[in-house]
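Numbering (the working numbering), first residue to last: 25 to 300. Note that beta-carbon positions come from the ideal geometry of N, C-alpha and C, so glycine has one too.
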Amino acid sequence: MPELPEIETMRRAIRPGVMGRRITAVEVRQPKVVADLDATEFANRLLGRTFTDLTRRGKAIVAWMDDGQRMVMRMGMTGCVVVAPHDHPEDRHTHIVISLDDGDELRFSDMRRFGRFWLFRADDEDTSGIRNLGPEPDDPALTAEYLEERLGGCRRAIKTCLLDQSVVTGIGNIYSDEILFECGIDPSCQAYRLDRADWEKLADEIPRCMRFFVENNEMSPDEWLESMGREYRNTPYIRIYGHSGEPCPVCGTTLVRKVVGGRSSVSCPMCQREHR
Ligand SMILES: [Zn+2]
25 MPELPEIETM RRAIRPGVMG RRITAVEVRQ PKVVADLDAT EFANRLLGRT
75 FTDLTRRGKA IVAWMDDGQR MVMRMGMTGC VVVAPHDHPE DRHTHIVISL
125 DDGDELRFSD MRRFGRFWLF RADDEDTSGI RNLGPEPDDP ALTAEYLEER
175 LGGCRRAIKT CLLDQSVVTG IGNIYSDEIL FECGIDPSCQ AYRLDRADWE
225 KLADEIPRCM RFFVENNEMS PDEWLESMGR EYRNTPYIRI YGHSGEPCPV
275 CGTTLVRKVV GGRSSVSCPM CQREHR
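Here is the structure:
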């Protein structure tokens, strides 16, 4: 499942292709992809509109229109958005095609069909879940004080807390393992057992980790179209997730896999403290 760095890669790769482009046709082949709105109304309201910006909030991409509408796109497990010339071969799981006035198409494909699109007018209530998201990793509001205040009394495992999108948005199973390794904190450690130094480390490491993996995943629009979201250039930089049974990159101890809050987690028994 894509996390913040992979969604940011997608946003940066497709943004140049849609900016300032007018929508000349909208084809919804899989109506259930459009949430909370009839697919025909979705298409009619987008027709003739022009893209003015493409932003990201957590793991959602938000396309802004010239009339104040915004289209919120969530990728689910396997969703992918590309900008392609109209004669470029189509992915066979393509569910939405938005034609642009330069002949290109914004295409949404999704094999597992968990991805969703919403369309809101400026004064509509946002039902996409964005309203409930916590700060972005690079938000100055994400401080040690904030984390300690939100989680300092929490009995859940710190890994589970980092996956809670209302605390901080964008972190999933992969990067929570990477962040906790860099901070030397065991993923199963209950949040209330962490001390001030731990919260400081987390507040520093969360934005650093996300920035690092965004930078190492960068792709041009053409490279993105060819990869169709299936290529992750930052995978070689992942040190912990998926490496159970291998030696710790710092101390050489065998990395262990355990289940924390129902999610698979990898950690080093030597480098990461449990705070008992
Ligand atoms: Zn180690």
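| Query | Result |
| --- | --- |
| For GLU247, which residues of its own chain have a beta-carbon under 7 Å away from its beta-carbon, when the five flanking residues on both sides are left out? | none |
| I'd like to know whether the C-beta atoms of GLU202 and TYR256 end up nearer to each other than 9 Å. | no |
| Quick check: the segment 282-300 against the segment 212-220, are there 3 or more CB pairs under 8 Å? | yes |
| Taking the beta carbon of ARG80 as the centre, do at least 16 other beta carbons fall within 10 Å, making it buried, or is it exposed? | buried |
| From the DSSP secondary-structure annotation, give me the bridge partner or partners of PRO109. | ASP128 |
| Please report the distance separating the alpha-carbon of ARG235 from that of ASN241. | 10 Å |
| Skipping 5 residues on each side, what residues in its chain have a beta carbon closer than 7 Å to that of ARG69? | GLN93, LEU143 |
| Return the Cβ separation of MET99 and GLY139 in integer angstroms, given the expectation that the two are a contact with Cβ distance under 8 Å. | 5 Å |
| Mind checking which residues open and close the beta strand (DSSP E) that includes ARG81? | 75-81 |
| Residues in its own chain within less than 6 Å of GLY253 by CB, not counting five upstream and five downstream? | CYS104 |
| LEU130 to CYS272, Cα distance in whole Å? | 42 Å |
| Name the residue from SER212, GLY286, LEU61 whose alpha carbon lies nearest to the alpha carbon of ARG145. | LEU61 |
| Check for me: the alpha helix (DSSP H) holding MET34 runs from which residue to which? | 28-42 |
| From which residue to which residue does the beta strand (DSSP E) around THR48 run? | 47-52 |
| Please confirm whether LYS6 and GLY176 have their CB atoms less than 9 Å apart. | This structure gives no information on residue 6, because the portion of the chain shown stretches from 25 to 300. |
| Given a cut-off of 9 Å on the beta-carbon distance, is the pair THR167 and ALA227 in contact? | yes |
| Enumerate, from N- to C-terminal direction, the unbroken alpha helix (DSSP H) stretches of 4 or more residues contained entirely within the segment 183-218. | 197-207 |
| Comparing alpha-carbon positions, which option in GLY44, GLU250, THR278 lies nearest PRO113? | GLU250 |
| For ligand 1, I want to know if VAL274 counts as a neighbour, meaning its beta carbon is within less than 8 Å of at least one of the ligand's heavy atoms. | yes |
| Looking only at C-alpha atoms, which of ILE120, ASP125, TYR170 sits nearest to SER190? | TYR170 |
| Is there a Cβ of chain D sitting closer than 9 Å to that of GLY285, yes or no? | Going by chain labels, chain D is absent from the structure shown, which holds only one protein chain. |
| Whose CA, out of ASP162, PRO293, TYR199, GLU229, lies closest to the CA of VAL274? | PRO293 |
| What are the start and end residues of the alpha helix (DSSP H) that includes LYS225? | 220-239 |
| Which residue marks the beginning of the beta strand (DSSP E) containing PHE66, and which one marks its end? | PHE66 -> not in any beta strand (DSSP E); alpha helix (DSSP H) instead, spanning 63-70. |
| Assuming contact is defined by CB atoms lying nearer than 9 Å, are VAL107 and LEU124 in contact in what I supplied? | yes |
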